[in-house]
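Chemist: Position 21, counted from 1, in the sequence shown is what full-length UniProt numbering calls 21; the numbers after and before it change by one each time, with no gaps.
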Amino acid sequence: MYDRYATTRLIDLWLQEDIGYCDLTVQVMIEPEETGAFVMNAREPMVVSGIEVAAEVFRRYDPRCAVTVRVKDGDRVAAGQVLLDVGGPAQAILTAERTALNITQRLSGIATETARYVAEIAGTGARLLDTRKTTPGLRVLEKHATACGGALNHRLGLDNGVMIKDNHIAVCGSIAAAVRRARRTLPMLTKIEVECDSLEQVDEAVLAGADVIMLDNMPVPIMRRAVETVAGRIPLEASGGVRFDTIRAIAQTGVDYISTSKITQSAPAMDIGLDEADRAAA
1 MYDRYATTRL
11 IDLWLQEDIG
21 YCDLTVQVMI
31 EPEETGAFVM
41 NAREPMVVSG
51 IEVAAEVFRR
61 YDPRCAVTVR
71 VKDGDRVAAG
81 QVLLDVGGPA
91 QAILTAERTA
101 LNITQRLSGI
111 ATETARYVAE
121 IAGTGARLLD
131 TRKTTPGLRV
141 LEKHATACGG
151 ALNHRLGLDN
161 GVMIKDNHIA
171 VCGSIAAAVR
181 RARRTLPMLT
191 KIEVECDSLE
201 QVDEAVLAGA
211 DVIMLDNMPV
221 PIMRRAVETV
231 AGRIPLEASG
241 GVRFDTIRAI
251 AQTGVDYIST
261 SKITQSAPAM
271 DIGLDEADRA
281 AA
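1. For Ser198 and Arg4, I'd like the C-alpha separation in whole angstroms.
2. Given a threshold of 16 other Cβ atoms within 10 Å of its Cβ, counted over all protein chains shown, does Tyr21 qualify as buried or as exposed?
3. Specify the secondary structure class of Ala151 as computed by DSSP and reduced to three states.
4. Taking DSSP's pairing of strands, which residues face Phe244 in a bridge?
5. Taking the Cβ atom as the reference point for each residue, do Ile93 and Val86 lie within a distance shorter than 7 Å?
6. Taking only three categories from DSSP, how would you classify Glu120?
7. Can you give me the start and stop residues for the alpha helix (DSSP H) that Thr229 sits inside?
8. Is the beta carbon of Asp73 less than 7 Å from the beta carbon of Val48?
9. Measuring straight from C-alpha to C-alpha, what distance separates Val179 and Ile192?
10. Using the rule of at least 16 other Cβ atoms within 10 Å of the residue's Cβ for burial, across every protein chain shown, is Asp12 buried or exposed?
11. Can you tell me which of Asn41, Gly240, Ser259, Thr229 puts its alpha carbon nearest to the alpha carbon of Arg207?
12. What residue does the alpha helix (DSSP H) around Ala195 start on, and which one ends it?
13. Flag this pair as yes or no: are the beta carbons of Thr124 and Ile263 separated by less than 7 Å?
14. Out of Asp18, Glu31, Val53, which has the shortest C-alpha to C-alpha gap to Ala6?
15. Quick check: Leu138 and Tyr2, are their CB atoms within less than 7 Å of each other?
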């Protein structure tokens with residue numbers, strides 16, 4: 001989910017970045033009264049994300065643009081599927097075209113890559129999580145895209161939960177001391193997750209009353225022992241070294257969650273085009 005107000009502010013920045021003073025090409029070639037009808041279509045199979053944002057790009061730039069969205073975020077579509085129709089002032093449509101395509105290609109790429117990872121761990125009981133390793137300014141939308149692909153969102157930001165890492169532990173002196181400090185003023189509904197890189201730390205985190213334990217960069221055999229030690233008392237998240245070729249083995253250790261930045265940082269953009277409606281139908 002994302003907030004439309006916040007997204008509108010982003011769209012204004014995107015349009016300003018791309019247009020500058022004016023779209024010189026359409027200004028010297030296209031007459032103000034000329035109109036056009038176009039379709040945005042998928043040129044390869046994908047999981048769609050960001051299509052409503054793309055529609056809002058056209059509407060935001062010129063309210064006279066008439067946009068009809070043909071799919072919804074999270075839909076799996078085949079090559080050739082029409083994602084939206086847009087008609088109206090040709091100058092406006094051609095000026096806003098690249099901004100609308102860029103965001104849809106990016107978010108659909110993330111959703112599609114996420115779905116690939118989700119399918120790889122199907123049947124293991126583990127759930128895929130995203131991370132805070134996102135493109136600056138696009139976090140909420142990129143996390144929306146991972147959700148479209150079937151992942152769960154981890155923290156949206158630093159204010160969403162307490163994550164005790166090695167440097168926090170070093171300052172506080174121990175995991176137990178760090179958890180005690182956090183509990184003193186922690187909001188009632190907020191969880192504490194402790195990052196552990198050894199079985200000894202896992203034992204300490206359990207005794208300290210952590211709500212979630214992150215197994216950080218642990219080899220699969222050690223991770224399996226951690227699962228046996230915790231025995232379901234506390235949810236376990238695996239993180240670090242998670243790639244498409246490793247995630248299945250990690251999931252089979254019995255962890256509850258697996259987080260990876262690959263679904264946001266390494267996702268390729270999808271091939272999506274904007275074509276003249278008559279030519280696309282031919």
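Using N, Cα and C, we set each Cβ at its ideal position, and we do this for glycine too.
Modeler: Judging by the given coordinates:
1. Computed Cα separation, rounded: 43 Å.
2. Classification for Tyr21: exposed.
3. Note: Ala151 maps to coil in three-state DSSP.
4. In DSSP, Phe244 forms no bridge with anything.
5. The beta carbons of Ile93 and Val86 sit closer together than 7 Å.
6. Glu120: helix per DSSP, three-state reduction.
7. Taken as a continuous stretch (DSSP letters only), the alpha helix (DSSP H) holding Thr229 covers 220–230.
8. For Asp73 and Val48, yes; Cβs fall inside 7 Å.
9. Each residue's CA atom was taken as its position, placing Val179 and Ile192 some 8 Å apart.
10. Looking at its Cβ environment, which holds fewer than 16 other Cβ atoms inside 10 Å, Asp12 is exposed.
11. According to the sequence as given, residue 207 is Leu; it is not Arg. For the residues Asn41, Gly240, Ser259, Thr229, the minimum Cα distance to Leu207 belongs to Thr229.
12. Looking at the sequence provided, one finds Glu at residue 195 rather than Ala. No alpha helix (DSSP H) holds Glu195; the beta strand (DSSP E) holding it covers 192–196.
13. Annotated as distal: Thr124 and Ile263, with beta-carbon spacing of 7 Å or more.
14. Closest by alpha carbon: Val53.
15. Not a contact, by the Cβ cut-off of 7 Å.
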